[in-house]
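Taking numbering that gives the first Met the number 0, the leading residue of the sequence shown gets 0, the next gets one more, and so forth.
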Amino acid sequence: MKAVVQRVTHASVKVDGEIKGEIQNGLLVLLGVGMNDTENDAVSLANKITKLRIFSDENDKINLSVNDVNGSLLVISQFTLYADCRKGNRPNFMNAGKPDEANRLYEFFVQECQKLVPDVQKGVFGADMKVELLNDGPFTVILEDI
0 MKAVVQRVTH ASVKVDGEIK GEIQNGLLVL LGVGMNDTEN DAVSLANKIT KLRIFSDEND
60 KINLSVNDVN GSLLVISQFT LYADCRKGNR PNFMNAGKPD EANRLYEFFV QECQKLVPDV
120 QKGVFGADMK VELLNDGPFT VILEDI
């Protein structure tokens, strides 16, 4: 699994003009599921993301997790994180998970996050989504092979 994690002051996702998920202070997680990923990978990544200390404490030190600041998560499926652009100019997605299994693992990942963070919102797997965010910092972390 791969994740791009952005600290945000707010983020939302729309499908066909309708808001499907929206958060204020928290993390926007773009999640890619690979063809060899497992539920264990999802559990490990959910634990890592929810414990990342990327929020500032009272001394302006990066020392707090999303739970420490009563933040939320917005999780968006993003198979394009598995784009391979090494050859030619058109990405191939051979390493991305097959849609049915990727969707199952995406939903499983969301459920694991919900066990750890009170407010978890999500996008719609496979949909044409419009994601808006205000990156706070900006602060962006890329996680893979956790």
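Where a beta carbon is used, it is the ideal one built from N, C-alpha and C, also for glycine. All of these numbers come straight from a predicted model, not from anything done at the bench.
With 16 other Cβ atoms within 10 Å as the buried cut-off, status of residue 56: exposed
Secondary structure of residue 90, DSSP reduced to three states: coil
Pick from 30, 64, 53, 102 that is closest to residue 116, judged by C-alpha positions: 64
Nearest neighbour of residue 29, chosen from 5, 118, 20 [CA to CA]: 5
Beta-carbon proximity check, residue 1 vs residue 111, cutoff 8 angstroms: no
Proximity below 8 angstroms, CB of residue 118 to CB of residue 48: no
Pair within 8 angstroms by beta-carbon distance, residue 132 and residue 14: no
Whole-number beta carbon distance between residue 20 and residue 125, since they are thought to touch under 8 angstroms: About 15 angstroms separates the two Cβ atoms, so there is no contact after all.
Terminal residues of the alpha helix (DSSP H) in which residue 50 lies: 38–50
Same chain, Cβ closer than 6 angstroms to residue 18, five either side skipped, listed in chain order: 11
Beta-carbon proximity check, residue 3 vs residue 105, cutoff 8 angstroms: no
Between the CA atoms of residue 95 and residue 72 - distance to the nearest angstrom: 23 angstroms
Whether residue 25 touches residue 70 by CB criterion (8 angstroms): yes
Which listed residue (108, 113, 136, 68) has its alpha carbon closest to that of residue 40: 108
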